[in-house]
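Reading through the structure tokens given below for one structure.
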Amino acid sequence: MKNETKEAITIAVVGHTNAGKTSLLRTLSRDKSFGHVSGRHGGTRHVEATSVSINGRPYLRLFDTPGFEDSIALQAYLQQFNGLESRRAALGAFLKSPEAEGRFEQEAKILRLLLEDIDAVFYVIDTTETPHAKFRCELDVLAASSRPVMPILNFVRHAESRIAEWRTVLADRGLHVQVAFDAVAPAAGSERVLYEQLSALLGSQRAELGELMAALAREAEARRHAGLRSIGELLVDATAYRTLATRGSPEELEQAVGRLQTKVRARERECADTLLAIYRFDRDDLELSESPVLSGRLEDDLFNPEALKQVAQRLGKGAAIGALVGLAADLAVAGVSLGAGVVVGGAVGGMVVSSWQKALRWSREKLNGRVDLSIEDGALVLLLSRQMQLLFALQGRAHAATTPLILDPSKGNSKALSTHLRLLRTARAHAEWSRLGDGFADDAQRIELIEAIAESIKSVADRSVCE
Amino acid sequence: MAKYQGHPGVHKGTRRSDHPGIISRLEPIFASVLVQNTTMADSERSLPFQLWLAEAISHLERDGWLDDSVALRGLTASSGGPFTTRRDERQVLVLGRTNGLNKVNPIVRELANELEAFRATGKLLAIALAVFAILGGAATAAAVLSNGTVNVVLAWSALLGVHLMTLVAWCLGLAFAGQHLGFTRSGWWSFVTQKLLGSKHRLLLVQAMTTLVARTRLVFWTYSLASHALWSLFLFSAVVTLTYLFALHEYRFTWETTILPPTFFVQFVDTLGWLPSQFGIPPPTPDAVTRLTNDEATRQAWAAWILSGVVAYGLLPRVLLTALSHMKRARHTRSLALDLEQPHYVRLLQRIDAQLKPDTQIVDPAPDHAQDLSVMQTLPSGLRDHRTSVSGLIVGFELHDDVAWPPAELPTGVLAEANLSSLAEREALLRRVARTQPERLVVACDARSGLDRGTLHYLDEVARHSGALGILLLNQATARAGRADNWKEELIDRGIPAAAIFAELAGALEWLEAVATPAPSPASQHEK
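Okay, here's the thing in structure tokens:
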């Protein structure tokens, strides 16, 4: 009998000890501090409840349980309650028996939970284990609880995964609605598959699960959009930044170059941190350092010689580029003020005059022998490539191609690359659009530009998905 | 400001700005007029105001979050409903936090006050411009009719020339992407307004408004509304002045030329008289035009021609466009919303979600973990509502080791919490109190400890979520001289009545039990 005012779907997560239940719950509930995972004997000892919530409203209530450890003996012990009217009643009788607080105290916790008003049970399987008899006993005991059971096959990405054997065992018991998951490195979309399968299992809750999936999809889209915008803003800030140096003074030039590189590096780091934060990671996360793709993206230096060589080849320049910092070509007035989207009238007047101001400044600086330094296209390409790789990795596409996508010389990518560079050209003329310099001023055009860049990156990302 | 009178077109921000600062001079008007003015109670602000404040806070928080723990605790997750209406629950949550911050955080209150000042200044400037428009209209009309002979063509162009040109410019702007009427910024302008408004966060607020309306056409329509409204006032006042002068002076109407043929003028008068003639006001006859007769009928015809021309080609279109701009602007304002797919908002919503979701709870603990703060001793039947209703709650706070806590015997309905000291424990209690909202809560403190700001702040926060707070001040007799009195004074200063400060457990328990009606269980509060 289901209570009418029930708010969330309740699910018990059971499995043999160290099968990965707690990790699974951390992934689903997005709470890194939930429970504790330990390799030694005895991870979870309590029954702990957490929830999957959207905007604070819980949709799913998940109960982490201690693992089954002594299932064969348990099943043998349960024989004595065989004569009762249902297997469920047998479990109830077991819970009143003395060994429920003795030898089988841990298993009793699990069973006590299952006899409450639970909607479904996730049975988590470590697929690197051989399907021994003890696991079959666990499945039998679960069947006795008369709750819908969904097996979750964990560690499927592992080299020693025996997923086929397990599928046979499960089919043997009629458990066909199942999910292959990898709690530590989930593939993109695997969460969605899990909820879809759950919704097949729990027909009556299909509407709520549908809502949950839609809300999760919306959250994922919002994350992606925010990530793309973050990259776009990084590119605009980097492109628009100028620093001055005196022509003919090598030390000053070197200093200026160093300054620019430092600022751009720091800004890139900021962008990477934002992306991590959006995907709920921290630089100190254990999982992060264990993932080579992710940590690699964060530790490499932007301006290192290898990268320069690669980019030089890609952009078709013969010799290696020195510092990826070039002399800025201060654009002519016409290139700036008559671009698309400028309203007639005073705006034109305003822009023309401000461009005259820029032209005046430029010529004054020429007279003083000062030059403007700004970042070159090659470095922008590198920035974009690195951050896109990071974003992909965070989205769960850890199996992305090894050559950075942007530097892949296929035709589609070349076109996309030139689109990005063209968009950024507008930014070069507006030094005030860079947060790295003084006199930062935000305006509608800058925001539009960031959005346009985000869109064009997205189209590249969509095209080169290899799933 | 004197410039405006000489160049009536300039303050519309169109073509003839010979100074880049003109548009940026209009920043505060736009920025403030963009926010609809509705009646404001203390706590209820209009939605655009809230959106602007939220956006300003997000700009402020680029370098780190504000201290928003109180505001977050005051949020409640939406209670559900059909899926379609829950689409903007994220914005509701963010605005809830904004309003919460406005109430408690001094930085945010300052921002809100500056926003208000901005709007007030904007309104003032709008009024000033309106006055100038009216005066300008009257002055132009008076100038046109300044001597007894009126050169009709010059009169027409003086009254309507600039208006028509700016109207055409506006139409072009409407056609070609009215979005990028950006706020340019020049150094001297920020210096001037800094002195005028003296507002620390002026730049922040302008940037916040830029971000908020960046991808809408709100700026264009606000600018249109301002422009058309001011022109309407100008033309209206011109019409009134013209009528007044025509009524009380006698004028001769003439045209002069060196190079144009007379037929041009006949044509001119006829063409421009077309629209008024549709409304039954015929222009002067071609004969009268050519021969420049000066009889009464002709004079009246000329006057009618001028007046009706100004109304038909000037006032009427402008008034209609004002109405249109107002409608469009209102529509765009209504659909204004926060762009929640920004990195800042994504992270903020993650924080809000973490705050609002039900706590992780240990249900059915392992045998050696019986006395955890968040532990419930038995599996609740039903499993879903973990908010037990208690009539009274008594909590130990930083008690010394030799105090026996929790107290051994408690009456039914009173729950004791363990001795709090770490941050996690404090936070857990606050969350619990925020959820259960007990009517009466007693915090047991040790008078032998000193009273510090952190403790007072914490007691404030606890008091915020409970009906009444009582303090059980233990060990008053053995405390150092003056400490117990210090406690009592400070507590009374903070608003805890002397009757709610107890020296003995028994007194505190009695007070707790004296709740008139038991607190309703939160489950029943959420019944549909």
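First to last, the protein sequences are chains A and B.
Going left to right, the first sequence walks through residues 302 to 768 as the working numbering numbers them.
Going left to right, the second sequence walks through residues 75 to 602 as the working numbering numbers them.
Here a beta-carbon is modelled for each residue, glycine too, at the ideal position from N, C-alpha and C.
What are the partner residues of residue i, as DSSP defines its beta bridges?
i: residue 451 of chain A; result: A:423
i: residue 493 of chain B; result: B:470
i: residue 576 of chain B; result: B:546
i: residue 365 of chain A; result: A:314 and A:349
i: residue 225 of chain B; result: B:328
i: residue 519 of chain B; result: B:547
i: residue 748 of chain A; result: Looking at the DSSP assignment, residue 748 of chain A forms no beta bridge with any residue, so it has no partner.
i: residue 53 of chain B; result: Examination of residue 53 of chain B is not possible in this model, given that chain B is present from 75 through 602 alone.
i: residue 545 of chain A; result: A:673
Assuming the contact rule is C-beta atoms closer than 8 Å, residue i and residue j should be a hit. Round their C-beta distance to whole Å, please.
i: residue 320 of chain B; j: residue 377 of chain B; result: 5 Å
i: residue 422 of chain A; j: residue 448 of chain A; result: 5 Å
i: residue 311 of chain B; j: residue 208 of chain B; result: 4 Å
i: residue 163 of chain B; j: residue 319 of chain A; result: So it is not a contact: roughly 39 Å between Cβ atoms.
i: residue 363 of chain A; j: residue 326 of chain A; result: 6 Å
i: residue 395 of chain B; j: residue 165 of chain B; result: About 32 Å separates the two Cβ atoms, so there is no contact after all.
i: residue 494 of chain B; j: residue 513 of chain B; result: In fact, because the Cβ distance is near 20 Å, the residues do not count as touching under 8 Å.
i: residue 466 of chain B; j: residue 488 of chain B; result: 4 Å
i: residue 542 of chain B; j: residue 574 of chain B; result: 7 Å
Roughly how many whole angstroms lie between the Cα atoms of residue i and residue j?
i: residue 639 of chain A; j: residue 329 of chain B; result: For residue 639 of chain A, the predicted structure reports a pLDDT of 24, less than 50, and the residue's modelled location is therefore unreliable. A value from the coordinates is still provided. Distance between the alpha carbons of residue 639 of chain A and residue 329 of chain B: 42 Å.
i: residue 202 of chain B; j: residue 233 of chain B; result: 21 Å
i: residue 531 of chain A; j: residue 582 of chain A; result: 16 Å
i: residue 323 of chain B; j: residue 374 of chain B; result: 12 Å
i: residue 298 of chain B; j: residue 186 of chain B; result: 27 Å
i: residue 562 of chain A; j: residue 544 of chain A; result: 11 Å
i: residue 562 of chain B; j: residue 576 of chain B; result: 10 Å
i: residue 398 of chain A; j: residue 438 of chain A; result: 20 Å
i: residue 371 of chain A; j: residue 361 of chain A; result: 29 Å
i: residue 508 of chain A; j: residue 310 of chain A; result: 11 Å
i: residue 335 of chain A; j: residue 144 of chain B; result: 24 Å
i: residue 749 of chain A; j: residue 678 of chain A; result: 21 Å
i: residue 493 of chain A; j: residue 514 of chain A; result: 6 Å
i: residue 225 of chain B; j: residue 308 of chain B; result: 21 Å
i: residue 150 of chain B; j: residue 430 of chain B; result: 7 Å
i: residue 555 of chain B; j: residue 141 of chain B; result: 36 Å
Is it the case that the Cβ atoms of residue i and residue j are separated by a distance below 8 Å?
i: residue 372 of chain B; j: residue 358 of chain B; result: yes
i: residue 485 of chain B; j: residue 546 of chain B; result: no
i: residue 574 of chain A; j: residue 735 of chain A; result: no
i: residue 434 of chain B; j: residue 292 of chain B; result: no
i: residue 504 of chain B; j: residue 535 of chain B; result: yes
i: residue 230 of chain B; j: residue 383 of chain B; result: yes
i: residue 422 of chain B; j: residue 168 of chain B; result: yes
i: residue 314 of chain A; j: residue 450 of chain A; result: no
i: residue 506 of chain A; j: residue 420 of chain A; result: yes
i: residue 284 of chain B; j: residue 745 of chain A; result: yes
i: residue 520 of chain B; j: residue 477 of chain B; result: yes
i: residue 684 of chain A; j: residue 576 of chain A; result: no
i: residue 223 of chain B; j: residue 365 of chain B; result: no
i: residue 414 of chain A; j: residue 353 of chain A; result: no
i: residue 295 of chain B; j: residue 402 of chain B; result: yes
i: residue 123 of chain B; j: residue 175 of chain B; result: no
i: residue 729 of chain A; j: residue 675 of chain A; result: yes
Is any heavy atom of the ligand ADP found at a distance shorter than 7 Å from the C-beta of residue i?
i: residue 334 of chain A; result: With respect to the ligand ADP, the structure shown offers nothing to examine, as it has no ligands at all.
Under 8 Å, CB to CB, which of the residues in the region 386-415 of chain A have a partner in chain B? Along the region 386-415 of chain A, going in chain order, the ones with a CB nearer than 8 Å to a CB of chain B are 406, 410, 413 and 414.
In chain order, what residues of the region 407-433 of chain B put their CB closer than 9 Å to some CB of chain A? Cβ contacts with chain A come from 414, 415, 416, 417, 418, 419, 420, 421, 423, 424, 426, 427, 428, 429, 430, 431, 432 and 433.
Select from the region 500-529 of chain A all residues with a C-beta closer than 7 Å to any C-beta belonging to chain B, and list them in chain order. Taking 7 Å as the Cβ-Cβ cut-off, the region 500-529 of chain A approaches chain B at 512, 523, 524, 526 and 527, given in chain order.
May I ask you to list, following chain order, the residues of the region 293-313 of chain B that have a beta carbon less than 7 Å from some beta carbon of chain A? Taking 7 Å as the Cβ-Cβ cut-off against chain A, none of the residues of the region 293-313 of chain B qualify.
Residues of the region 167-179 of chain B in Cβ contact with chain A at a cutoff of 9 Å, in chain order, please. Within the region 167-179 of chain B, the qualifying residues are 167.
Please list the residues of the region 730-750 of chain A that have a C-beta atom closer than 8 Å to any C-beta atom in chain B, keeping them in chain order. Under the 8 Å Cβ criterion, the region 730-750 of chain A contributes 733, 742, 743, 744, 745, 746, 748 and 749.
Which residues, in chain order, does the region 441-465 of chain A contribute to contact with chain B at a C-beta distance below 7 Å? Along the region 441-465 of chain A, none of the residues has a CB nearer than 7 Å to a CB of chain B.
To be precise: take each residue of the region 344-359 of chain A, compare its Cβ to all Cβ atoms of chain B, and keep it if any distance is under 8 Å. Which residues remain? Those residues of the region 344-359 of chain A that come within reach of chain B (Cβ to Cβ, closer than 8 Å) are 346, 347, 348, 349, 350, 351, 352, 354, 355, 356, 357, 358 and 359.
Using Cβ-Cβ distances below 7 Å, what residues of the region 568-579 of chain A are close to chain B? The region 568-579 of chain A vs chain B, Cβ under 7 Å: 575, 578 and 579.
Contact set between the region 533-561 of chain B and chain A, restricted to residues whose Cβ is under 7 Å from the partner: Flagged: no residues at all.
Along the region 124-150 of chain B, what residues have a CB closer than 7 Å to any CB found in chain A? Using a CB distance below 7 Å, no part of the region 124-150 of chain B faces chain A.
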